[in-house]
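Colleague: Just dropping this structure here.
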Amino acid sequence: MKVTQLYFEDTTFGKTISSWAESIGIETIKFDSKKEQQLESIQGLLLFHENHDIDRAQQELLSIFEHSQRGISKIDINGTLSVATSNFSLWLDRNKCKVILATGADELTKNPNLERFLEQLKTA
């Protein structure tokens, strides 16, 4: 994995992502949206969703990253696994993102496809 630091939110989803990242040696940092300096150091946004259903909190983050013209990758965990992992790897290569913020709704942790996707990324 080309990512060196992964920011996560203090949510069920964030804790799931943090545990996964730590298991493969990626440094994790709890994201605090009130810390502007922290937000400025993040190079890209990794937005997990189910069937293009994006909640309000993720939509606000999406707007911030679009406005600042930083890299955004959206992963539909109900989509095709091989396509999602390939697109994510290409996105990392193209945007040279080493520090990313991963976000998603807490309900995603109940979807078995999230675990499959994360397992597939370990080898990407």
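For the sequence shown, our numbering assigns the number 206 to the initial residue and increments by one for each residue that follows. Idealized CB from N, CA, C, for every residue including glycine.
1) Consult DSSP for Lys315 and reduce its assignment to one of helix, strand or coil.
2) Name the residue from Leu252, Thr221, Ile247, Asp237 whose alpha carbon lies nearest to the alpha carbon of Thr209.
3) Using a Cβ-Cβ cutoff of less than 7 Å, which residues in the same chain neighbour Leu323 once the five nearest sequence positions on both sides are dropped?
4) Can you tell me the Cα-Cα spacing of Asn316 and Glu227, whole angstroms?
5) Mind the definition here: the stretch 254–261 touches the stretch 226–241 only if three or more C-beta pairs lie below 8 Å; say whether that holds.
6) If you follow the beta strand (DSSP E) that His254 is in, where does it begin and where does it stop?
7) For Ala310, list the residues DSSP reports as bridge partners.
8) Let me know the alpha helix (DSSP H) ranges lying completely inside the stretch 217–283, each 4 residues or longer, listed in chain order.
9) May I ask you to report which of helix, strand or coil DSSP gives Val288?
10) Throw me the rounded Cβ distance for the Gly309 and Phe218 pair, which I believe falls under 8 Å.
11) Would Ile259 pass as a contact of Leu267 if the rule is Cβ separation under 8 Å?
Modeller: To lay it out plainly:
1) helix
2) Ile247
3) Trp225
4) 21 Å
5) no
6) For His254, the enclosing beta strand (DSSP E) starts and ends at 249–254.
7) As computed with DSSP, Ala310 is found in no beta bridge at all.
8) Taking only runs of at least 4 residues, the alpha helix (DSSP H) segments lying wholly in the stretch 217–283 are 217–228, 241–246, 261–272.
9) For Val288, the three-state secondary structure derived from DSSP is helix.
10) 5 Å between Cβ atoms; contact.
11) yes
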